[in-house]
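Asks:
2 protein chains.
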Amino acid sequence: MTKFKPPTLKAKRLGIDTHEEPIVYMREDCNICRSEGFRARSQVEIISKHKQILATLNTVSSNLLTPDEAGLSEAAWRLLGARSGENLTFAHPLPVLSLSFVRSKVYGNALNLEQFTEIFQDISRGRYQDIHLAAFVTACTDNRLTVDEITYMTKAMVSIGEQLHWPTQPVVDKHSVGGLPGSCTTPVVVAILAACGLTIPKTSSRAITSPAGTADTMETLAPVSLTLAEMRRVVEKEGGCLVWGNSVNLSPADDVIIGVERALDIDNEGQLIASILSKKAAAGSTHVLIDFPVGDTAKIRSLEVAQHLEALLTTVGTAIGLHTKVMMTDGMQPMGRGIGPVLEAQDILAILQNHKTAPPQLRDKIITFAGTLLEMSSVASESMGMALATETLENGNAWRKFQAICSAQGGMRKLTKAPFTHEITAKHAGRFEQINNRILAKLAKLAGAPGAPSAGLEYHVRLGEMLDKHQPILTLHAETEGELHYALDYFGQHEKELFTLKNPE
Amino acid sequence: MTKFKPPTLKAKRLGIDTHEEPIVYMREDCNICRSEGFRARSQVEIISKHKQILATLNTVSSNLLTPDEAGLSEAAWRLLGARSGENLTFAHPLPVLSLSFVRSKVYGNALNLEQFTEIFQDISRGRYQDIHLAAFVTACTDNRLTVDEITYMTKAMVSIGEQLHWPTQPVVDKHSVGGLPGSCTTPVVVAILAACGLTIPKTSSRAITSPAGTADTMETLAPVSLTLAEMRRVVEKEGGCLVWGNSVNLSPADDVIIGVERALDIDNEGQLIASILSKKAAAGSTHVLIDFPVGDTAKIRSLEVAQHLEALLTTVGTAIGLHTKVMMTDGMQPMGRGIGPVLEAQDILAILQNHKTAPPQLRDKIITFAGTLLEMSSVASESMGMALATETLENGNAWRKFQAICSAQGGMRKLTKAPFTHEITAKHAGRFEQINNRILAKLAKLAGAPGAPSAGLEYHVRLGEMLDKHQPILTLHAETEGELHYALDYFGQHEKELFTLKNPE
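The listed protein sequences derive, respectively, from chains A and B.
Numbered according to our numbering, the first sequence spans residues 1067 to 1571.
Numbered according to our numbering, the second sequence spans residues 1067 to 1571.
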C-alpha cells in the first residue's frame, strides 16, 4: 500500500442559501470524490486551517465548478468561516456515536444524563442531519420520556450552552407555553417588573408553530439578536431585557430541535419542558411563572393535560433548583387584536402608552402575570401585586422603562405596514360563538407571518358578541400578493370551521 | 385587489446531484420569490407544460443564475422531464393533508387503510420531505403498529403500485429478512425453481443496512433495472427473473422509506413485514418462503423475536391471501465466502458451476430453500424436494437456466476486481470462536460496498476452526485507497470485538 496524502480543493462561495444545512459542492470527477469514494448525500468532514465542520455533499457534473474547486453553501461558508480560494481538505466523518443513543430511544429505552448530554453536544455542533433530528424528536414525543429523562434532558441542555449569573436575587422570568395566537404579553410584563426594580434577563424564542414568537414581535420594535455580553450590559443597566434566545446561545441544541419541530408541526412534551426550564436556569433565574392558555383549539386543550404538564414542570423545576409556578389562563380566543409580529407589537405599544385602543383582555392578563411575579419575588406583599403592576403601567413608568430597554438594545424601531390587506366581514347578523385558534394561526402564517413581519391578521371581535351584517371580523395583512392569495384560498376552504356566527332566532 | 398573473422563469439544468431530493434554485431577488414570498427551504410546486412536481427551494444570491432563470437539480430535472429554456411557473404547494395522519401516528393513534393509502400515495409522489419520512418511520418503529395496521399498510402498499397477474399458479417467491452478510442464496434458488418449471417473478431490493442486497449482487452479473413489461417478458420466456424491485414500481412508497431507514440505520418491524409481503402480493405470488437467519449479531437476535415476527408474517400473509412459511436458519456467521456485490456473485457462480471452491454451507442453504418451495408448490412430493433441487444443480440445469435468465435480462456480465486489497491474518495460532456480523458488515461498507461493487471482504474461516499463525481470516477489497484506509482504521478500533481467536491451552 502506498502512503496516502489527502489532496486539497480551493474554497468557492457559491451564494446558494440552503437555510441551516451546510452543503459542499464538488465535481464528481474531482480527485477527492474519486479517492475517498464520496457520492451525492455523503456526509463529509471539511477541514480548513482553523476549523472543521460536517457538511452534506452534492456532486456537480457541470462546469459550475472546476475539478480543483469546492463550492460552499452560505451555511457552510459561515460555519467554516471560510475565505475565498483557501485550501480545504476533506475526510470521511467520524461516526456520530450519540446516534446509537437516538436509536436506543427510538426503540423505547430510557436515556441517562450522559447520553442526553452527548446527543445535545453533537446537535449543537451540527453533526446531526435533519432526518436524525426528526427521528429524535419523534422518539421523544407522546409521553415517551420519563420524568427522570426530562430532568436529564433539561440539565444536559443547560450544561452544553452559556450560563449567566447575577449579583442579586431573586431573578425572575415569565414564559407562556403558547399555542394561542395574538397573546404576546412578555414585553409589557418585563417593562413593568424592571420598572419595579426586579432583575428579569428575558430571552424569548421565535415562532415554533405559531405566526409570531415573542422574539419575532420584539424584533419589530428593537434589535433582539444580542451577544451574551451585550445582553448582560442591558440587564445591568435597565434590570431587564428582551432578546432572542438563540443569539445568546443559552440552549444551542434546543434552537436546532425547535426548527425541526416547526417543520414537522409537532410539539413534544419533554422537549417543551426541557426547552423552557433549561433557558431559565441558564439565564440565572430563580423564580419562574409559566402561563398555560387552555382551550379547545389552543395548544393545551384540556385541564387534564394542563395539570399533567403543571406537575411535570414543577417537579423538573424543583429538581434543577427553580421556584416554578404555573398559571392557567383562558385559551379560547386571542387576547389581543393583532396576530403576526408587527400587528402584535401595535397592541403592546397601545397598552404601554395607555391608549384607548389597547385590547383590555390582553392588558388584564399582563397585569395578572406581572402582579403574580411581584408577589412571588416579595416586591409586593400578598394580594398587592396587581395594584402595583397597574400603577406602574398607568403612571408611565413601564413605558419609560420599555423605551430605555429598547434604546439599550440598540434603538427603538418604527413599525412597518403590510401593503396588501383584505377584510373578512359577517355575511349576516348574528352571535359570534366560536373561533378555531389553529385555523386562525394557519391563516396568519399563510399570509406570511412571521417571515414577513407585517403580515398576519387582525381579530376584531370577541366571543359572545352580537355582530351586524358586514361587520369586520378579520383583516388579513400580507407583504406579497401571492401570500394574500394563498391565505384567501385556505380561508375559502376552511371558512366553516374557522368561526361560528349563529343566526339570530 | 389586482388580478394576479404568475410570472415564469426559464428552466436551467445546473448539473447538481442532490441524490433523490428535487431542489430548485432561484435568485432571491427574482420576481417569483418576491411576489410569492418564497424563502430558502420553502416547498414550491414547479409547473411545466406537461407535469407538476414538488421541490425544495434553495435561493441564490450570486450570478449562478440570472433573475429570469430557475436552476434544477438532477432529481428535479428528471422528475419534471424538463427541457432547457422551457418556461416554468411556480406556486405555493397544496398542503399535504396526509401529514396530519403522520402526526396522529406520532401521538400513538392507530391508522386505518385509507389513511395509510393516502400517506403512501403522497410518499410515492415525492410530496414528503426527508424529515416527514423520518418522523413516519420512527413513529412506526418498536411495536407501535397493531397487526391490523400492518395489514392495512401492506394492502395500501400493494394498491398504490403496479400489480402483476400470471396465467398459471402456483407462483412462488423466496425472501430473506437478511441482516447476515455474505448469504445471498436467491439467484441460485430462482435458477433451480425455474429449471423445475415453476413461475418465480423475483424482485429484490438493494442493500438497506447491509453491504449488498440481492439486486446489488445480481447487477454485477446482468442488468436488473427492468421495466415491468421487460420483467413480464423474461418470466414468460424463462419462468423466472431476478430484477430490482424499484425499477418495476411494485411498491413505490416502500423504496423511498427504505432509503430513510438506511440513513437512520433502523429497521422497523411493521414496515419490514409490509415491505416484504406487499412486493410478493403485487408480483402475483401465491406461495412465499421467508428465511430468518437467527444469531447474536444477525438482524434477528433471538428465537423469541423470530417467533414473534413469524406469527406476524403468517397472520398478515393470510389476511392478504398469501401462503406464507417462515424458516429459521443459522445466523451465527456468513454462509458464503464473499461479502459485497461482486464477491458474493463469485460464490453464486461457483455453486451454479459445481466448482470445488463453492462454499458448502451456502450451497446447503440454497438446496434447503429450493427443496422446501418445490414441496410447498407440490412439484416435488413431501421430503423429495431437496433431492430434486440437488439434482437440478448437479446436472447443470440450474446453471443453464441462470444463463438464460441473464441473457433474457439483457446479457451476462463479467465480474470486475477491486484494485486495492489487504489481508488480515491470525496473530497467533488458535481456535476461531466468535465473529460479529454487524462489525463485519460495517467493515465491508466502509470499504465501499455496495456503492463500489467490487468492494467488500472475503471471510476465509469457519467458527470452531483451528487456525495457524498468519493464516488469512479476512481479505478487504476496495476500489479506492481512501476507502481501504477508512475500513482499516475502523478495523484497528474494533479488532477485539470483531472476532475471538482463543489461545491453544
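For every residue, glycine included, the Cβ atom is placed at its ideal position computed from N, Cα and C.
Measuring CB atoms only, is the region 1192 to 1208 of chain A touching the region 1172 to 1182 of chain B, in the sense that at least three cross pairs come out at less than 8 Å?
Replies: yes
Asks: State the CB to CB distance for the pair B:G1151 and B:V1090, rounded to an integer number of angstroms; the pair is presumed to be in contact (CB under 8 Å).
Replies: The residue given as residue 1151 of chain B occupies position 85 in the second sequence. The residue given as residue 1090 of chain B occupies position 24 in the second sequence. At roughly 16 Å, the Cβ-Cβ gap does not stay under 8 Å, so B:G1151 and B:V1090 are not in contact.
Asks: From which residue to which residue does the alpha helix (DSSP H) around A:I1339 run?
Replies: Taking the first sequence and counting its residues from 1, one reaches residue 1339 of chain A at position 273. DSSP places A:I1339 inside the alpha helix (DSSP H), whose first and last residues are 1335 to 1348.
Asks: In three-state terms, what does DSSP make of A:K1535?
Replies: Taking the first residue of the first sequence as 1, we reach residue 1535 of chain A at position 469. Note: A:K1535 maps to coil in three-state DSSP.
Asks: Between A:A1416, A:P1161, A:A1470, A:H1241, which has its C-alpha nearest A:G1306's C-alpha?
Replies: Along the first sequence, one-based indexing puts residue 1306 of chain A at 240. Checking every option, the nearest Cα to that of A:G1306 belongs to A:A1470.
Asks: For B:H1241, does the count of other Cβ atoms within 10 angstroms reach 16, so buried, or fall short, so exposed?
Replies: As a first step, residue 1241 of chain B is located in the second sequence; it is residue number 175 there, counting from the start. Here B:H1241 is buried: its Cβ has 16 or more other Cβ atoms, across all protein chains shown, within 10 Å.
Asks: Counting beta carbon pairs with one atom in the region 1312 to 1329 of chain A and one in the region 1357 to 1369 of chain A, are three or more of them shorter than 8 Å?
Replies: no
Asks: At a CB distance below 7 Å, what residues from the region 1097 to 1131 of chain A approach chain B? Give them in sequence order.
Replies: R1100, S1101, E1102, G1103, R1105, A1106, R1107, N1124, T1125, V1126, S1127, S1128, L1130
Asks: Taking 7 Å as the limit between beta carbons, can you name the residues of its chain near A:S1114, skipping five residues before and five after?
Replies: Against the first sequence, residue 1114 of chain A aligns to sequence position 48. So the list reads L1146, A1148, E1152, L1154, once near-sequence residues are dropped.
Asks: Should B:G1530 be labelled buried (16 or more other beta-carbon atoms within 10 Å of its own) or exposed?
Replies: Position 464 of the second sequence, counted from the first residue, corresponds to residue 1530 of chain B. Result: exposed.
Asks: Going by beta carbon distance, what residues of the same chain come within less than 6 Å of B:V1301, once the five residues before and after it are set aside?
Replies: The residue given as residue 1301 of chain B occupies position 235 in the second sequence. These residues qualify, in order along the chain: P1267, C1307.
Asks: Report back the beta-carbon spacing between B:L1343 and B:G1383 to the nearest angstrom; my notes put them in contact at under 8 Å.
Replies: As a first step, residue 1343 of chain B is located in the second sequence; it is residue number 277 there, counting from the start. As a first step, residue 1383 of chain B is located in the second sequence; it is residue number 317 there, counting from the start. At roughly 6 Å, the Cβ-Cβ gap stays under 8 Å, so B:L1343 and B:G1383 are in contact.
Asks: Excluding sequence positions up to five away, which residues of its chain have a Cβ less than 8 Å from the Cβ of A:L1379?
Replies: Here residue 1379 of chain A refers to the residue found at position 313 of the first sequence. Around A:L1379: I1339, I1342, L1343, I1356, T1390, V1392.
Asks: Is any beta-carbon of chain B found at less than 7 Å from that of A:R1169?
Replies: Sequence index remark: in the first sequence, residue 1169 of chain A carries index 103 (1-based). Closer than 7 Å to some Cβ of chain B, the Cβ of A:R1169 qualifies, so yes.
Asks: From the DSSP output, which residues share a beta bridge with B:D1396?
Replies: By one-based count along the second sequence, residue 1396 of chain B stands at place 330. B:D1396 is bridged to B:V1360.
Asks: Spell out whether any CB of chain B is found under 7 Å from the CB atom of A:T1074.
Replies: On the first sequence, position 8 is the one that residue 1074 of chain A refers to. No, no contact with chain B.
Asks: If you run the structure through DSSP and keep just helix, strand and coil, what is B:Q1500?
Replies: As a position in the second sequence, residue 1500 of chain B is number 434, starting the count at 1. Here B:Q1500 sits in strand by DSSP.
Asks: Name the residues in the region 1327 to 1339 of chain A whose C-beta lies less than 7 Å from a C-beta of chain B; which are they?
Replies: A1329, L1330, D1331, I1332
Asks: Under 9 Å Cβ-Cβ, which residues of chain A neighbour B:A1518?
Replies: As a position in the second sequence, residue 1518 of chain B is number 452, starting the count at 1. The contacting residues are G1103.
Asks: Find the residues of chain A that neighbour B:P1196, judging by a C-beta separation of less than 9 Å, and give them in chain order.
Replies: Locating residue 1196 of chain B in the second sequence gives position 130, counting from the first residue. Reading the sequence as shown, one finds Asp at residue 1196 of chain B and not Pro. Under the 9 Å cutoff, chain A gives Q1195, D1196, I1197, A1200.
Asks: Going by Cα to Cα distance, which pick from B:L1533, B:A1515, B:P1088, B:M1532 is closest to B:Y1552?
Replies: By one-based count along the second sequence, residue 1552 of chain B stands at place 486. Checking every option, the nearest Cα to that of B:Y1552 belongs to B:A1515.
Asks: Please state if the CB of A:L1459 and the CB of A:G1451 are separated by a distance shorter than 7 Å.
Replies: If you number the first sequence from 1, residue 1451 of chain A lands on position 385. If you number the first sequence from 1, residue 1459 of chain A lands on position 393. No; because the gap between Cβ atoms is not below 7 Å, this pair is not in contact.
Asks: Do you know whose CA, among B:M1297, B:P1570, B:L1542, lies nearest B:A1474's CA?
Replies: Here residue 1474 of chain B is taken as the residue at index 408 of the second sequence, counted from 1. Checking every option, the nearest Cα to that of B:A1474 belongs to B:M1297.
Asks: Along chain A, in chain order, which residues have C-beta atoms closer than 8 Å to that of B:T1491?
Replies: Looking up residue 1491 of chain B in the second sequence gives position 425. By Cβ distance, chain A contributes nothing, its closest Cβ being about 15 Å from B:T1491, past 8 Å.
Asks: For A:G1496 versus A:P1570, is the C-beta spacing smaller than 7 Å?
Replies: Within the first sequence, residue 1496 of chain A is the residue found at index 430, counting from 1. Within the first sequence, residue 1570 of chain A is the residue found at index 504, counting from 1. Yes; because the gap between Cβ atoms is below 7 Å, this pair is in contact.
Asks: Determine the chain B residues that contact A:T1286 at a beta-carbon separation under 7 Å, and present them in chain order.
Replies: On the first sequence, position 220 is the one that residue 1286 of chain A refers to. By Cβ distance, chain B contributes nothing, its closest Cβ being about 17 Å from A:T1286, past 7 Å.
Asks: Just mark A:G1387 as buried or exposed, buried being the case when its beta carbon has 16 or more other beta carbons within 10 Å.
Replies: For the purposes of this step, residue 1387 of chain A is taken as the residue at position 321 of the first sequence. Exposed is the call here.
Asks: I'd like to know if B:T1207 contacts chain A, where contact means its C-beta is closer than 7 Å to some C-beta of that chain.
Replies: The residue given as residue 1207 of chain B occupies position 141 in the second sequence. So yes, B:T1207 belongs to the interface.
Asks: Just list the residues that DSSP pairs A:S1270 with in beta bridges.
Replies: As a working note, residue 1270 of chain A is residue 204 in the first sequence. Partner(s): A:W1310.
Asks: I'd like to know if A:T1546 contacts chain B, where contact means its C-beta is closer than 7 Å to some C-beta of that chain.
Replies: Residue numbering aside, residue 1546 of chain A sits at position 480 when the first sequence is read from its first letter. Residue contact check for A:T1546 against chain B: a CB pair falls below 7 Å.
Asks: Considering only DSSP beta bridges, list what B:A1157 is partnered with.
Replies: By 1-based counting over the second sequence, the position of residue 1157 of chain B is 91. B:A1157 pairs with B:E1111.
Asks: By the criterion of Cβ-Cβ separation under 7 Å, what are the contact partners of B:G1514 in chain A?
Replies: Position 448 of the second sequence, counting from 1, holds the residue named residue 1514 of chain B. Near B:G1514 (Cβ distances below 7 Å), the residues of chain A are G1103.
Asks: Is there a Cβ from chain A that is less than 7 Å from the Cβ of B:I1216?
Replies: Counted from its first residue, the second sequence places residue 1216 of chain B at position 150. False, the Cβ-Cβ gap to chain A never drops below 7 Å.
Asks: Between which two residues does the beta strand (DSSP E) carrying A:R1573 extend?
Replies: Examination of residue 1573 of chain A is not possible in this model, given that chain A is present from 1067 through 1571 alone.
Asks: When the Cα atoms are used, what is the spatial distance from A:F1156 to B:A1347?
Replies: Translated into positions along the first sequence, residue 1156 of chain A becomes position 90. Translated into positions along the second sequence, residue 1347 of chain B becomes position 281. C-alpha separation (whole angstroms): 46 Å.
Asks: Going by DSSP in three states, A:Q1559 sits in which element: helix, strand or coil?
Replies: In the first sequence, counting from the first residue as 1, residue 1559 of chain A sits at position 493. In the structure shown, A:Q1559 sits in a helix (DSSP, three-state: H, G or I).
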